[in-house]
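Chemist:
There are 2 protein chains.
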Amino acid sequence: MSSQPAKLVVQKFGGSSLGEAARIRRVAQRIARARATGADLVVVVSAMGDTTDELLQLAAAITDDPDARELDMLLATGEHQSATLVSMALHALGVRAISLTGAQAGITTDASHGRARIANVEPRRVRRELDNGNVVIVAGFQGQRQGSADEDGGPGETTTLGRGGSDTTAVALAAALRAGRCQIFTDVRGIYTADPRLVPAARQLPVIGYEEMLELAQQGAQVMQVRAVELGWINDVEIEVLSSFEDAPGTLIREDPLVEQRNKVRGLAHDRNVAKVTLLAVPDRPGIARNVFGPLADAGVIVDMIVQNVGHDGATDISFTVPRVDLAKAEKVLQPVVGEMGARGITTDATVAKVSIVGAGLHNAPGYAARMFGTLADAGVNIEMISTSEVRITCVIGESGLSKALESLHAAFELERPDPVDAAALAAG
Amino acid sequence: MSSQPAKLVVQKFGGSSLGEAARIRRVAQRIARARATGADLVVVVSAMGDTTDELLQLAAAITDDPDARELDMLLATGEHQSATLVSMALHALGVRAISLTGAQAGITTDASHGRARIANVEPRRVRRELDNGNVVIVAGFQGQRQGSADEDGGPGETTTLGRGGSDTTAVALAAALRAGRCQIFTDVRGIYTADPRLVPAARQLPVIGYEEMLELAQQGAQVMQVRAVELGWINDVEIEVLSSFEDAPGTLIREDPLVEQRNKVRGLAHDRNVAKVTLLAVPDRPGIARNVFGPLADAGVIVDMIVQNVGHDGATDISFTVPRVDLAKAEKVLQPVVGEMGARGITTDATVAKVSIVGAGLHNAPGYAARMFGTLADAGVNIEMISTSEVRITCVIGESGLSKALESLHAAFELERPDPVDAAALAAG
Chain E
161 MSSQPAKLVV
171 QKFGGSSLGE
181 AARIRRVAQR
191 IARARATGAD
201 LVVVVSAMGD
211 TTDELLQLAA
221 AITDDPDARE
231 LDMLLATGEH
241 QSATLVSMAL
251 HALGVRAISL
261 TGAQAGITTD
271 ASHGRARIAN
281 VEPRRVRREL
291 DNGNVVIVAG
301 FQGQRQGSAD
311 EDGGPGETTT
321 LGRGGSDTTA
331 VALAAALRAG
341 RCQIFTDVRG
351 IYTADPRLVP
361 AARQLPVIGY
371 EEMLELAQQG
381 AQVMQVRAVE
391 LGWINDVEIE
401 VLSSFEDAPG
411 TLIREDPLVE
421 QRNKVRGLAH
431 DRNVAKVTLL
441 AVPDRPGIAR
451 NVFGPLADAG
461 VIVDMIVQNV
471 GHDGATDISF
481 TVPRVDLAKA
491 EKVLQPVVGE
501 MGARGITTDA
511 TVAKVSIVGA
521 GLHNAPGYAA
531 RMFGTLADAG
541 VNIEMISTSE
551 VRITCVIGES
561 GLSKALESLH
571 AAFELERPDP
581 VDAAALAAG
Chain U
161 MSSQPAKLVV
171 QKFGGSSLGE
181 AARIRRVAQR
191 IARARATGAD
201 LVVVVSAMGD
211 TTDELLQLAA
221 AITDDPDARE
231 LDMLLATGEH
241 QSATLVSMAL
251 HALGVRAISL
261 TGAQAGITTD
271 ASHGRARIAN
281 VEPRRVRREL
291 DNGNVVIVAG
301 FQGQRQGSAD
311 EDGGPGETTT
321 LGRGGSDTTA
331 VALAAALRAG
341 RCQIFTDVRG
351 IYTADPRLVP
361 AARQLPVIGY
371 EEMLELAQQG
381 AQVMQVRAVE
391 LGWINDVEIE
401 VLSSFEDAPG
411 TLIREDPLVE
421 QRNKVRGLAH
431 DRNVAKVTLL
441 AVPDRPGIAR
451 NVFGPLADAG
461 VIVDMIVQNV
471 GHDGATDISF
481 TVPRVDLAKA
491 EKVLQPVVGE
501 MGARGITTDA
511 TVAKVSIVGA
521 GLHNAPGYAA
531 RMFGTLADAG
541 VNIEMISTSE
551 VRITCVIGES
561 GLSKALESLH
571 AAFELERPDP
581 VDAAALAAG
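This is how it looks when you write it as structure tokens:
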């Protein structure tokens, strides 16, 4: 009995791969094939199809303001259900399997119900079940609040990790179990240079570094949860994103030793869940930023890009972006603030979008910013706001220009051409 | 902080009372009204509407033979969901509440997945939440397998208590918490002298003894789970069965000190989930019963009534009843046995039903049996099998004669007339 198996793989299947009984049986066949190669397997599952949304609707039919602790208990049942069904489907194929809740799998979190962060992973039960010859199916997206278990064996409080949290469950388990690889099965084939639904020339990347992937995810690429990428980076877990519907190689997310040789834009990200807020003629004095952004933070509104123009006549305009879904809340919070500050008013625009170029080489090459702005200008797309990071340049533009912006940037940075270094990178892996 | 509240009531709401959001809000209003009287409340809930059946169908779409342990994990989610929703609905009414799983409520069971028996109830968490001012909503029908919890706080294995198990959860919690009363809210007004859908003259009973209720439940009255009545009897928990839709007095199930004064049939039960099996010309030698009933028990088929006729020519006919849903299984098990024993063959009849008269006075008064048989004969209903207990006489008849049998028995035993002792019994309570 070895508690450190020779070859352990963590797999994660998303809700669209588990949308109905037939799909669950298909996923089980895929797991069974991997098992037949002799690998020990831990499989993290999301809730079936639209289950999470349906449970949210049920809660909304009961109350406008569901208690976060109760909502977590409710939502976690979706992953309990899919985990048991995948386990049953494996049994039907003659594969030994057992399903575990996040708490049973040893995942403990902080107390932030609805968006808890994993505090610790103590996968003793998982190891025991692996040693017993089981494929271990773990309900994703959830854990148990640290310290909440009863000393007499009563289970503690269920928490959930936020949208896409099953990715984080999978990567955290892979790290704790020191698994060789974490495979994220999803409804796309991997990470692309841009969203292929908007840019027909988009190309699948064979490899991408953690930092670049993190920027892509943060800037709107919805393939993986941001925190899962961070966790993979910190723990050096090699993540593979691949299709659950076809047998095709995916994209590897890992430390990219060849990053200096690329010096190139790796991909484009975009995000439509953006709205712009502008406070007009705000008196230019200390404490203004706190007065504006303190109440928004208290209301749970995440502010992204902030631009403050140079003031004149003792007043300045402040623009920033918020998630579009939070725009109404942000306006409600800010209306009284505007009056108190003596600003002229507030304008909003819910028809903007963000477009970003991402690449680990960008910070050494100022020419990329100029090329991005020039390309957008040539395409007739007006830039409303700009922000940059080490590996990214982001512009806020009108949403109507998004497709044109993505296509022209994809062409300008020659993203359709395979990177010659990639072949070397794969060989080095 | 008192850990033994002055007035504690356990309430249980069934699935039909929780079938949709509007009904859940109505149940919450009812709980809030009870709370407003100052009572401490523990509320046990079943899964919403047809949730349990839907989950069973989902499992059936995956595999013909779902693992019992996985099925328990799956089914338990139904009650988790309804518990959180009732809790949210109470919050919306400004009532403090918290939902707990069966395991969190301290309910541990034996290891019989799918039909586990409660081994222990240690409701420390429930008491703590009551002391915190909460109405405690407990997911019914479930517990945690005794001894399965990890020593490091990982939750143990979820078990379920079988159909109607939420009644048992409620009565067990009432016993452990020494609650004054356990109220079972259901879709009927209480316990009737017969099923009012079949016998229009059926009358609601104000009071019924545990033993009589047990016989009624065992013989097919589906208002309460048999084990819940047993548990109430053993622990002397006063149970009230009442409607969740109207404000009307229900039926009290409790020790009946006036039972000797009644000497009367209290009610009729019937059961259509019955099939008759007859083994023809079985050689009459020792060990036959074991050969027949051993394999049935191994296959999990519960045999109810058994009749063995006097043998002739060294052979005898053996008839018995099984649940109709198990008939195919019983036949499959018995075919080879019939050959081995040298019996002539096997016949089955899936169109029979059981009808019973129940009353604590019956064992002292042989005249009741004669009156029952005579009434059925007068009604043209043929009796196929008979069995009796201390407080019950049961006949197997053709299903087509069931309504006529019930109506004529109801009239013959004057069940439509209120029992004069009941008023005294209620006054004494």
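Top line first, the protein sequences correspond to chains E and U.
Take any residue in the first sequence, count from 1 to its spot, add 160: that is its number in the numbering used here.
Take any residue in the second sequence, count from 1 to its spot, add 160: that is its number in the numbering used here.
Backbone N, C-alpha and C define an ideal beta-carbon position, used for all residues, glycine too.
#1: Could you check the C-alpha separation between Val-281(E) and Gly-174(E) for me, to the nearest Å?
#2: Which ranges would you report for the alpha helix (DSSP H) in the region 256-291 of chain E if only whole runs of at least 4 residues count?
#3: Tell me which residues share the same chain as His-273(E) and place their Cβ nearer than 6 Å to its Cβ, disregarding the 5 neighbours each side in the sequence.
#4: Listed from N- to C-terminal order along the chain, which residues in the region 240-251 of chain U have their beta-carbon within a distance smaller than 9 Å of any beta-carbon of chain E?
#5: Would you tell me roughly how many angstroms separate the C-alpha atoms of Asp-327(U) and Leu-235(U), rounded to the nearest one?
#6: Identify whether Met-384(E) lies in helix, strand or coil by the three-state DSSP scheme.
#7: Looking at the unbroken beta strand (DSSP E) that takes in Pro-443(E), where does it start and where does it end?
#8: Return the residues of the region 388-411 of chain U that lie within a Cβ-Cβ distance of less than 8 Å from chain E, sorted by chain order.
#9: What residue ranges within the region 341-410 of chain U form continuous alpha helix (DSSP H) runs of no fewer than 4 residues, ordered along the chain?
#10: For the region 249-275 of chain U, list every residue whose C-beta sits within 7 Å of some C-beta in chain E, in sequence order.
#11: Count the other CB atoms, across all protein chains shown, that sit within 10 Å of the CB of Ile-394(U); report buried if there are 16 or more and exposed otherwise.
#12: Can you tell me which of the three DSSP states Val-581(E) falls into?
#13: Between Gly-175(E) and chain U, is the shortest Cβ-Cβ distance under 8 Å, so that the two count as touching?
#14: Of the residues Arg-338(U), Ala-334(U) and Thr-353(U), which one's Cα is nearest the Cα of Ile-344(U)?
#15: Would you please verify whether the beta carbon of Ile-184(E) is less than 8 Å from any beta carbon of chain U?
#16: Evaluate Met-161(U) with the Cβ neighbour count: other Cβ atoms within 10 Å of its Cβ, from every protein chain shown; 16 or more gives buried, anything less gives exposed.
#17: By the 8 Å beta-carbon criterion, what residues does the region 219-233 of chain U contribute toward chain E?
#18: Taking 7 Å as the line, does the beta carbon of Val-434(E) fall inside it for any heavy atom of the ligand GDP?
#19: Find out if the Cβ-Cβ distance for the pair Gly-266(E), Arg-288(E) is shorter than 8 Å.
#20: For a contact meaning CB atoms closer than 7 Å, what does Gly-314(U) contact in chain E?
#21: Is the beta carbon of Leu-337(E) closer than 8 Å to that of Val-286(E)?
#22: Report the neighbours of Thr-319(E) on chain C: residues whose CB is nearer than 9 Å to its CB, in chain order.
#23: Should Ala-490(E) go down as buried or exposed, given a rule of 16 or more other Cβ atoms within 10 Å for buried?
#24: Quick one: is Asp-662(E) buried, meaning 16 or more other Cβ sit within 10 Å of its Cβ, or exposed?
#25: Rounded to a whole number of angstroms, what is the C-alpha to C-alpha distance between Pro-409(U) and Lys-172(U)?
#26: Considering only residues of the same chain and omitting the five flanking positions on each side of Ala-539(U), which have a CB-CB separation below 7 Å?
#27: Could you work out which residue in Glu-371(E), Leu-178(E) and Lys-167(E) is closest to Ser-403(E) when comparing CA atoms only?
#28: What is the DSSP secondary structure of Lys-514(E), counted as helix, strand or coil?
#29: Would you tell me roughly how many angstroms separate the C-alpha atoms of Ser-516(E) and Thr-554(E), rounded to the nearest one?
#30: Using the rule of at least 16 other Cβ atoms within 10 Å of the residue's Cβ for burial, across every protein chain shown, is Asn-469(E) buried or exposed?
#31: Using only alpha-carbon positions, find the residue among Val-187(E), Leu-376(E) and Glu-544(E) that is nearest to Glu-550(E).
#32: At a Cβ threshold of 8 Å, is Thr-237(U) touching chain E?
#33: How would you label Gln-217(E), buried or exposed, when you count the other beta carbons within 10 angstroms and need 16 or more for buried?
#34: Relative to the alpha-carbon of Gly-293(U), which residue among Arg-341(U), Ala-219(U) and Ala-199(U) has its alpha-carbon at the smallest distance?
Modeler: Based on what the coordinates show:
#1: Cα to Cα, the separation comes out at about 21 Å.
#2: Restricting attention to alpha helix (DSSP H) runs no shorter than 4 residues, the region 256-291 of chain E encloses them at 284-291, ordered along the chain.
#3: Around His-273(E), the same chain offers Ala-228, Arg-229, Asp-232 and Thr-319 as residues with beta carbons nearer than 6 Å, after the five sequence neighbours per side are excluded.
#4: From the region 240-251 of chain U, only His-240, Gln-241, Ala-243, Thr-244, Leu-245, Val-246, Ser-247, Met-248, Ala-249 and His-251 have a Cβ closer than 9 Å to chain E.
#5: Distance between the alpha carbons of Asp-327(U) and Leu-235(U): 16 Å.
#6: Note: Met-384(E) maps to coil in three-state DSSP.
#7: Annotation: the continuous beta strand (DSSP E) that includes Pro-443(E) extends over 435-443.
#8: Residues of the region 388-411 of chain U with a Cβ closer than 8 Å to any Cβ of chain E: none.
#9: Runs of the alpha helix (DSSP H) lying entirely within the region 341-410 of chain U, each at least 4 residues long, are 370-378 and 386-395 in chain order.
#10: Listed in sequence order: Ala-249, His-251, Ala-252, Ser-259, Thr-261, Ala-263, Gln-264 and Gly-266.
#11: Taking every protein chain shown into account, the CB of Ile-394(U) has fewer than 16 other CB atoms within 10 angstroms, so this residue is exposed.
#12: Correct three-state label for Val-581(E): helix.
#13: Using beta-carbon distances, Gly-175(E) does not count as an interface residue toward chain U, since no partner is under 8 Å.
#14: Cα-wise, what sits closest to Ile-344(U) is Ala-334(U).
#15: Taking 8 Å as the CB threshold, Ile-184(E) lines the interface with chain U.
#16: Annotation note: pLDDT 42 at Met-161(U) (below 50); position unreliable, coordinate value reported separately. By the 10 Å Cβ count, Met-161(U) comes out exposed.
#17: Taking 8 Å as the upper bound on Cβ-Cβ separation, chain E lies near residues Ala-219, Ala-221, Ile-222, Thr-223, Asp-224, Asp-225, Pro-226, Asp-227, Arg-229, Glu-230, Leu-231 and Met-233 of the region 219-233 of chain U.
#18: In the structure shown, the ligand GDP is absent, as is every other ligand, since no ligand is present at all.
#19: Contact: no.
#20: Proximity of chain E to Gly-314(U) at the Cβ level (cut-off 7 Å) is accounted for by Ala-263, Gln-264, Gly-266 and Arg-285, in chain order.
#21: Pairing Val-286(E) with Leu-337(E) gives a Cβ-Cβ distance under 8 Å.
#22: The structure shown has no chain C; the protein chains it does contain are E and U.
#23: Classification for Ala-490(E): buried.
#24: Residue 662(E) falls outside the range modelled here, since chain E spans only 161 to 589, and no answer is possible.
#25: Annotation: Pro-409(U) to Lys-172(U) spans about 16 Å, alpha carbon to alpha carbon.
#26: For Ala-539(U), where only same-chain residues beyond five positions count, the Cβ hits under 7 Å are Lys-564, Ala-565 and Ser-568.
#27: Its Cα nearest to that of Ser-403(E), the residue Leu-178(E) stands out among Glu-371(E), Leu-178(E) and Lys-167(E).
#28: Here Lys-514(E) sits in strand by DSSP.
#29: The alpha-carbon atoms of Ser-516(E) and Thr-554(E) are separated by roughly 4 Å.
#30: Counting every other CB atom within 10 Å of its CB across the protein chains shown gives Asn-469(E) a total below 16, marking it as exposed.
#31: In this structure, Leu-376(E) is the residue among Val-187(E), Leu-376(E) and Glu-544(E) with its C-alpha nearest to the C-alpha of Glu-550(E).
#32: Contacts with chain E at 8 Å (Cβ-Cβ) include Thr-237(U).
#33: So Gln-217(E) counts as exposed.
#34: Among Arg-341(U), Ala-219(U) and Ala-199(U), the Cα nearest to that of Gly-293(U) belongs to Ala-199(U).
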